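Residue 211 in the working numbering sits at position 216 of the sequence shown, with consecutive numbering throughout.
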Amino acid sequence: MIEYENLHHLNKPLFDEYTQAFREVMESGWYILGKKTEEFEKQYAAYCQAEHCIGVANGLDALTLALRAFNFPKGSEVIVPSNTYIATILSIVQNDLRPVLVEPDIHSYNIDPAGIEAAITPATRAIMVVHLYGKLCEMDKIMDIAKKHNLKVIEDGAQSHGATFKNKVSGSFGDYGAHSFYPTKNLGAMGDAGAVTTNDAELATTIRTLRNYGSKVKYYNERVGVNSRLDELQSALLLVKLRYLDKINEHKRRLAALYLENLKSDFIKPMVHPDYKDVYHIFNIRHPKRDDLKAYMLKHEVKTDIHYPVAPVDQEAMKGILDGQSTPVAREIHRTTLSLPISYYHSESDIHRVIEVMNAF
């Protein structure tokens, strides 16, 4: 059986270094907001070409706190892609703001800049872009639109650690970059973890305060904050894995190249363009008989996944929130997309076997 993902196999090459990192944290006696977190924040900020990095508890908190720091009026509108994972939209809703869906480009699966400007109203305050599957959005066009209309930009970079657009890395374009280190990510922790990157010192201070009960000085609280702190253990493990991130990304690019070159034209494959250096957190194809294909693959001992089976507009939780917003492109993507195995632990022979089974469908 070729699994879609196996976290034990994925992390096994790093177990010795992880064990040493764990011992260092355990023996330090300091487990929250200590030296490991400071060092990870420093190194990850540099990796993202950003001045500041603030570690938080998870990717959703990174998005939520980034929006909260702007203190937009209640009911303000935030533009967001219609095919994103639900967390992106939840961060908007949880700040008492209104998500306005804009359709993706059917080829890149990222928000279509051509649709953004038409969605802007006097109530619009921000654009929340999502670098889906490991491909960055067309950030030059998006930043031009934001500048023209005086809008803030938040990058959801949960799936794009190290990806670039025109040689500029994920998380370095907008006011904020929000990052998830969920265990399956290219830069994955051993539990929930996240971070915010920014070049704005004042915004960085605000996020640091919000994540720690609204406090800069212990027991003195100047804001209504939350408890969302990247702990020392996850920071120590992420420091180890960060050293391997470029190697992980390159491995996944090699596997992606095999898919791109050898899969039949029956399958709609990811868009490739020289402006983009993708990291393939997910390698998705599309096919009109997606569910039959998924079942066929499993019958032939290849596990796949779907990212994601339900469009946000059709989620039960979004009733009364996204009502009246038409998203046919998103629905088509969610109906036809299938994610193929592309883990750091998969071998080229694994991928050739997946291709063999796919092409026989």
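Even for Gly, the Cβ is constructed at its ideal location relative to N, Cα and C. Remember, predicted model here, so these are calculated numbers, not experimental data.
Spell out the partners DSSP gives residue 278 in its beta bridges.
Per DSSP, 335.
As a quick exercise: from 155, 337, 104, 201, pick the residue whose alpha carbon is nearest that of residue 62.
The shortest C-alpha separation from residue 62 is found at 201.
Determine the direct distance from the alpha carbon of residue 94 to that of residue 134, and round the result to whole angstroms.
If you take the alpha carbons of residue 134 and residue 94, they lie about 20 Å apart.
Three-state secondary structure (DSSP) at residue 218?
Looking at residue 218 - three-state DSSP - the assignment turns out to be coil, as it is neither helix nor strand.
Taking C-beta to C-beta, are residue 227 and residue 32 nearer than 7 Å?
Contact: yes.
List the endpoints of the continuous alpha helix (DSSP H) containing residue 30.
Run containing residue 30: 30 to 42, per the alpha helix (DSSP H) assignment.
Quick check on the DSSP output: what are the complete alpha helix (DSSP H) runs of length 4 or more inside the region 49 to 73, in order along the chain?
Those alpha helix (DSSP H) runs which fall completely within the region 49 to 73 and span 4+ residues are 54 to 65.
Give a yes or no on whether the C-beta atoms belonging to residue 223 and residue 206 are separated by under 7 Å.
Contact flag set, yes.
Need the endpoints of the beta strand (DSSP E) that residue 361 sits in, please.
Residue 361 cannot be examined here, being either before or after the span of the chain that is shown, -4 to 356.
For residue 230, name the three-state secondary structure that DSSP assigns.
Residue state, collapsed to three classes: helix.
Exposed or buried, what is residue 273 when buried is set at 16 or more other beta-carbons lying within 10 Å of its beta-carbon?
Residue 273 is buried by the Cβ-count criterion.
Taking the alpha helix (DSSP H) that residue 288 belongs to, which residues open and close that run?
285 to 294 is the extent of the alpha helix (DSSP H) around residue 288.
Could you check if residue 232 is buried or exposed, using at least 16 other CB atoms within 10 Å of its CB as the buried criterion?
With 16 or more other Cβ atoms within 10 Å, it is buried.
So the candidates are 119, 280, 156, 157; which of them puts its Cα closest to the Cα of residue 145?
If we check each option's Cα against that of residue 145, 119 comes out closest.
Hey, residue 337 and residue 242: beta-carbon distance below 7 Å or not?
No; because the gap between Cβ atoms is not below 7 Å, this pair is not in contact.
Given this structure, state the Cα-to-Cα distance separating residue 357 from residue 265, to the nearest angstrom.
Residue 357 lies beyond the residue range present for the chain, which begins at -4 and ends at 356; the question has no answer from this structure.
Answer yes or no: do residue 107 and residue 99 have a C-beta to C-beta separation smaller than 7 Å?
Their beta carbons are under 7 Å apart, which means residue 107 touches residue 99 by this criterion.
Report the option in 349, 150, 287 whose CA atom is closest to the CA atom of residue 253.
Per the Cα distances, 349.
Going by DSSP, which residues form a beta bridge with residue 97?
Its beta-bridge partners are 76.
Less than 7 Å between C-beta atoms, sequence neighbours within five positions excluded: which residues of the same chain meet that for residue 288?
Within the same chain, residue 288 has close Cβ partners 282, 333, 356.
For residue 310, which residues of its own chain have a beta-carbon under 7 Å away from its beta-carbon, when the five flanking residues on both sides are left out?
These residues qualify, in order along the chain: 81.
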